[in-house]
Structures are given as C-alpha cells and as structure tokens.
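Novice:
Numbering (our numbering), first residue to last: 90 to 247.
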C-alpha cells in the first residue's frame, strides 16, 4: 500500500511510464513508511495468524462470528417538488410571491452547489497541472546531467 500511494500520484500524471530513478526513490520512501513494528503486527493480525500464541488461536476457533443479514431499505426521493402550486391558479399576489421565493431558494441552492463542485474541480485540475509541470521540469533536468553506466547496464544522471 505504501508503494501504491507513492506511485499513485506519478502514475496519474504520466500513466505510460515511470522512470527507474523515480521508482527507486518512491520505493525507498515507501519502505521506510511500511516497515514499522505496528504495521507488521497488524499484518499478522489481519491474516488471522498469531505468532506463538495458542490461546489466541483457541479463542478464535471457539468463537466464530455468525453472519448478520443485510438490511434492505427502499429509498425515497427527497428532491421531489410540490406540484400543487403549479396546477392551481394563485388567488392573490402573496401566494405568487411565496411560490416564487420557494423556487428562487431552491434554484439558489442548486446553483451554489454546482458552482462549488465546479470550483473544487478547477482547483484539482490546477494542482494536477502544476504537478505535471514539475514532473517535466525534473525529467528535463535529468536529461541535462552527465550519464554514468553502472556495470554497463543502468544509466543514471549525476
């Protein structure tokens, strides 16, 4: 998981390839995050295996949980409009004003929600653009440097 979180951002920017140098750096960072004592212990517990603990194994055999049935609930549409005002003619101007104010408030909330989602998408796209530009900048800097062959196989920029 740690390596997946490290490589996720870079693979979103350039799904075609990840440079060996980038992958190696991400692997080093991910390994430091992943190899902790609590993470290793939780991995053992998640598999159901317990090291040198027969008491825990016997407890797990004795108490197997019974599966609970899933609740099936029907959902109702809460966004349905009250059409009684549309079918009847207004008796006076106050009813008309109230109907207009209800419609305007509903439209305001929908427009506000749409604007907020569009704004958040714009922020996300701008962040991705800056990440892509930074990735290209680092790749160009690597191409400029001197190349070194290690045992005739790998090329690294210095």
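Ideal placement from N, C-alpha and C gives every residue a C-beta, glycine not left out.
Would you check if the distance between the CB atom of residue 122 and the CB atom of residue 91 is smaller than 8 angstroms?
Specialist: Yes. Within cutoff.
Novice: Measuring CB to CB, does residue 189 end up less than 8 angstroms from residue 98?
Specialist: The answer is no: Cβ separation not under 8 angstroms.
Novice: What's the call for residue 95, buried or exposed, on a 16-neighbour Cβ count within 10 Å?
Specialist: So residue 95 ends up on the buried side.
Novice: Report the residue ranges of all beta strand (DSSP E) runs contained in full by the region 176 to 225; include only those spanning at least 3 residues, in chain order.
Specialist: Taking only runs of at least 3 residues, no beta strand (DSSP E) segment lies wholly in the region 176 to 225.
Novice: I need the straight-line Cα distance from residue 164 to residue 195, nearest angstrom please.
Specialist: Residue confidence is low: residue 164 scores 49 on pLDDT, short of 50, so the model does not pin down where it sits. No coordinate-derived value is stated.
Novice: Run the CB neighbour count on residue 115, radius 10 Å, all protein chains shown included, and call it buried at 16 or more, exposed below.
Specialist: Per the 10 Å Cβ criterion, buried.
Novice: In this structure, does DSSP put residue 118 in helix, strand or coil?
Specialist: Three-state DSSP puts residue 118 in a helix.
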